[in-house]
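In this note's numbering, the protein residues as written are 15 to 1114.
Dropping the structure here:
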């Protein structure tokens, strides 16, 4: 008491204004109550010198000092058990009066103001009758030469306030001009709410005198508040007070703010001292609070500001009145107050003590404001509401702002926890151990825990310490809110062993994670994780490391619940592109792996929904799920199951077809086919994926989402995503290409068989061709056959169609009876005869008539083949194409049994038909030749290799045939010969055959062929010489190009391997070119005649 009183006496003795005296008094009044200062005996605190100064004051100067002393005595009396100041001779006020040698009677008199009930307002000493109950007379200026302070001029109607349905119209108030002087028109009364508050309007202290440069005189509470009513509500911008504050010069602005704060503080004190204040409603409190916030916003960024502390204190007091501030208003108050305090410059060690003290008092005022808000609801919801407004400063880049806000949160949480400890103890003592009551637990609490946890690695030691303590308090708050038993023991354990005690950082983090898992609800734990995830993208390496370690511990240790997976993965997916540190990215991927291991189904479903597979933004997540083979197998299995979720066409809308889970799974499988991490897993699931993709093609036919084939060009790169049908077809291709079964892909590609799968009418033919190639190159026949047997038993027609097409062709494989016995196969095929689908019935009948099911047919077919071969070998055979078709069908039906020696004769005759003048004959002969060399048994394998070698050069040259069909068949048969001969660079050769264009591709094919047949150069040369006499000029030119390349690039090898008997043959084919009418032929002869001459000399 002595220090503030000394300051007040100093101000009075130095000529301070009455306004300053009043503000000092009111500030002390609020601080004594709000900060719970310890009251002390006033008489003991007053020194003789101070008492002397008070006795020398005038009456107007003594008034504020005595009021402050009386207020302290009043509070002391209440704390001691009394209600009001005592009026007996032994009361403190009487002792005070005697000590000051003042008239003790003054302490018993109630101060009066002009215009109060029973006081005449027109002249001194002239009384007027008291107004009716509930009505306060208008305030009029006192008579005299100087302006005394006006009374509180607020009118209250009997039985209801302004705004009440039954209230009479507003009563006139004194005419106050722009500067607060009488003489201007009347103003409406101040609206106090739905109830009246007559007692609170009593006079509160003596009138004070003094001049206010801004307002023309010292305004009382009435003039300070009535500035708000200067204009109609719609015309205020928003208040006249704000306009005056913003428009006046700096000196006048400070004075006006002081006057406004003085009036507001007097109003707050008057309302607080009235016992029945909570029985009334004050509807204009938000407007007054808004004015105070504007004062805060205009305060300079200096910690020594007086008005900042006063404004926050007044807001705290006004917030206690009814109705309580709405959440939007409270949010505005918190934002402005936090910004005004937290964003002050860092503390200056050399600052004056008065500035430091004032700053500390401002922090105390802010804490008082938070406690005031908490008094409305001492629960976790209100705590979360307050904490959410501190987030901008918890994330601040300025260390002093983070430190201030963490300290503020610590004080707040310490107050809440201490309060709830008492409440929980009382609850348990009354309810017993089996009560089991739990309070509401908002999920936002987890978010605040996460924000504070991220500050554990702050560069400031103070911030780190307080943030750890704040997290501890928040966890204690969750325990207290749930009302658990043995709270003190739990909290003690938490404090000692889980957050702060451990010196080992890793152990501390692990203990914290266990505490989070145990004490937070699932929703709070989810919010905690969602808050830590953005920490991975922090520019601070320490924050990134802390967030990644905590997340890994949360995922690896207790783990997440299934219901948390969706939100966590979605947030992580959004943060991944912004993680700056590579090792943190690796930790994030490890977390995804752990999450997928614990909850594979939920993880796959969420990743599928994050974005369309064609965007490929989820590929890092899919790769993380393939870090161990077992998890990758689960992922592929789940995708296969999603692929099978095919709703009928009638249950799907065209606009939502692209979002079907089946199509999302299809797109994902297509992307994973080309992902290295899934190569082994795709090979493991080959059979299921193949059946799923082929069935998906049939399903897309049903949906009618097949685009025009002409719109797609395979060899053109386009950034536009593929359609569902094109994606499915490309996935079928990719399945063979990426699993070392590229020969099947090449077989279909060179025969242009993929086009058969693009149309519903040729779909069955395409699947059969694919199955035939799989049998030819032994491509997972046993596994696919097992899946086909399962699909035959499916209730879906499309599954049965795909299964029977594959099964019928697989009957030609030696592995067919390793998967199912002949009896079982016979049963399945007989069941297909009664199927509702015509294709299933036809293919079942074909399977039943195969040589596999009836081995005796092999002998009959071979005899039939021998008879047809005799007709085929005759030179006068007319229908060569028909015979070749029948022969090819018999070869296919014989399967691995083969045609025996007859096939060799057939292949030799087909070689001679390569040069037939008819395009269709050449084409058919070339294709059938490939079938023959592939159908031979091991007994005739070497003979077929010899025939294949003889056909290599002719097939290469026929790639220049004028007939496109011949070209296509030549490429296919050339590759089949290369596979039979086991050339090197077979896969590269296929690439050039399928997609190569121009001289570069031709040269590569030439190199692959020659380098794969070391020492066979003379044979290639002699085979090519024959085509120099071809009637087809393109073939002739191709032969000259091939011969020229051999002479240029392999001349030494030809000199070494050629025999003398070969030279006459070479000259016989080359010399006629000298007189050839074609200029290209003559030019070729002139270019290479010297090479031939040199070659003759070398061989000789």
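Just so it is clear, CB atoms sit at the ideal spot from N, CA and C, and this is done for glycine as well.
Other residues of its chain near residue i: CB distance less than 7 Å, five sequence neighbours each side excluded
{"i": "residue 776", "result": "770"}
{"i": "residue 265", "result": "Interpretation of residue 265 is limited by its pLDDT of 47, a score under 50 that renders its predicted location unreliable; the figure taken from the coordinates is listed afterwards. Excluding positions up to five away in sequence, the list is empty."}
{"i": "residue 1112", "result": "1069"}
{"i": "residue 706", "result": "654, 657, 658"}
{"i": "residue 860", "result": "822"}
{"i": "residue 1048", "result": "974, 975, 976"}
{"i": "residue 1110", "result": "1077"}
{"i": "residue 1029", "result": "1071"}
{"i": "residue 828", "result": "910"}
Under the three-state DSSP convention, the category residue i falls into
{"i": "residue 707", "result": "helix"}
{"i": "residue 593", "result": "coil"}
{"i": "residue 8", "result": "Summary: the structure shown does not reach residue 8, with the chain confined to residues 15 through 1114, and so no result is reported for it."}
{"i": "residue 640", "result": "coil"}
{"i": "residue 720", "result": "coil"}
{"i": "residue 429", "result": "helix"}
{"i": "residue 208", "result": "Since pLDDT at residue 208 reaches only 32, below the 50 mark, its modelled position is unreliable, and the value read off the structure follows with that caveat. It is coil, neither helix nor strand."}
{"i": "residue 930", "result": "coil"}
{"i": "residue 1054", "result": "helix"}
{"i": "residue 867", "result": "coil"}
{"i": "residue 814", "result": "helix"}
{"i": "residue 293", "result": "helix"}
{"i": "residue 1074", "result": "coil"}
{"i": "residue 984", "result": "helix"}
{"i": "residue 275", "result": "helix"}
{"i": "residue 632", "result": "coil"}
{"i": "residue 1028", "result": "coil"}
{"i": "residue 614", "result": "helix"}
{"i": "residue 848", "result": "coil"}
Limits of the alpha helix (DSSP H) - the one that residue i falls within
{"i": "residue 682", "result": "675–687"}
{"i": "residue 474", "result": "No alpha helix (DSSP H) holds residue 474; DSSP gives it neither H nor E."}
{"i": "residue 890", "result": "It is not in any alpha helix (DSSP H) - residue 890 carries neither H nor E in the DSSP assignment."}
{"i": "residue 778", "result": "777–790"}
{"i": "residue 7", "result": "The shown model of the chain, from 15 to 1114, leaves out residue 7, and the question about it has no answer."}
{"i": "residue 353", "result": "341–356"}
Own chain partners of residue i with C-beta closer than 8 Å, once the 5 adjacent residues on each side are dropped
{"i": "residue 998", "result": "1022, 1025, 1026"}
{"i": "residue 887", "result": "919, 923"}
{"i": "residue 699", "result": "647, 650, 651, 654"}
{"i": "residue 645", "result": "607, 610, 611, 614, 639"}
{"i": "residue 642", "result": "607, 611"}
Residues near residue i by beta carbon distance below 6 Å, same chain, minus five either side
{"i": "residue 684", "result": "741, 745"}
Residue-chain proximity (residue i, chain C), Cβ-Cβ < 9 Å
{"i": "residue 1003", "result": "Structure shown: chain C not included; a single protein chain is present."}
Do the stretch 451–470 and the stretch 535–542 touch if we need at least three Cβ pairs shorter than 8 Å? Segments in contact, yes.
Given 8 Å, three or more beta-carbon pairs between the stretch 646–661 and the stretch 677–689: Yes, the stretch 646–661 is in contact with the stretch 677–689.
Looking at C-beta atoms only, is the number of pairs between the stretch 278–292 and the stretch 317–336 that lie closer than 8 Å three or more? Judged by Cβ distances under 8 Å, the stretch 278–292 makes contact with the stretch 317–336, as three or more pairs qualify.
With three or more C-beta pairs closer than 8 Å as the rule, is the stretch 932–940 touching the stretch 963–982? Result yes; three or more Cβ-Cβ pairs closer than 8 Å.
Whether or not the stretch 760–768 and the stretch 777–796 are in contact is what I'm after, with contact meaning three or more pairs of Cβ atoms, one per stretch, closer than 8 Å; do they touch? Taking a contact to require three or more Cβ pairs closer than 8 Å, the stretch 777–796 and the stretch 760–768 qualify as touching.
Looking at C-beta atoms only, is the number of pairs between the stretch 1008–1023 and the stretch 941–960 that lie closer than 8 Å three or more? Below 8 Å, too few C-beta pairs join the stretch 1008–1023 and the stretch 941–960 to call them touching: fewer than three.
Below 8 Å, can you find three or more Cβ-Cβ pairs linking the stretch 377–394 to the stretch 347–357? Three or more beta-carbon pairs separated by less than 8 Å link the stretch 377–394 to the stretch 347–357, which places the two stretches in contact.
Determine contact between the stretch 472–484 and the stretch 382–392, defined as no fewer than three beta-carbon pairs at a distance below 8 Å. Counting C-beta pairs closer than 8 Å gives fewer than three between the stretch 472–484 and the stretch 382–392, which falls short of the contact rule.
Specify whether the stretch 999–1013 and the stretch 1037–1048 touch according to this definition: at least 3 beta carbon pairs, one from each stretch, less than 8 Å apart. Result no; under three Cβ-Cβ pairs closer than 8 Å.
Per the contact definition of three or more C-beta pairs closer than 8 Å, is the stretch 833–849 in contact with the stretch 880–887? No contact exists between the stretch 880–887 and the stretch 833–849.
Should the stretch 983–992 be called in touch with the stretch 1053–1072, which here means at least 3 C-beta pairs below 8 Å? Contact fails: fewer than three Cβ-Cβ distances are below 8 Å.
Counting Cβ pairs, one atom from each stretch, are 3 or more of them under 8 Å apart for the stretch 360–372 and the stretch 422–429? Contact fails: fewer than three Cβ-Cβ distances are below 8 Å.
At least 3 beta-carbon pairs within less than 8 Å: the stretch 594–607 vs the stretch 553–569: A contact exists between the stretch 594–607 and the stretch 553–569.
When you compare the stretch 344–352 with the stretch 306–321, are there three or more beta-carbon pairs, one atom per stretch, that lie closer than 8 Å? A contact exists between the stretch 344–352 and the stretch 306–321.
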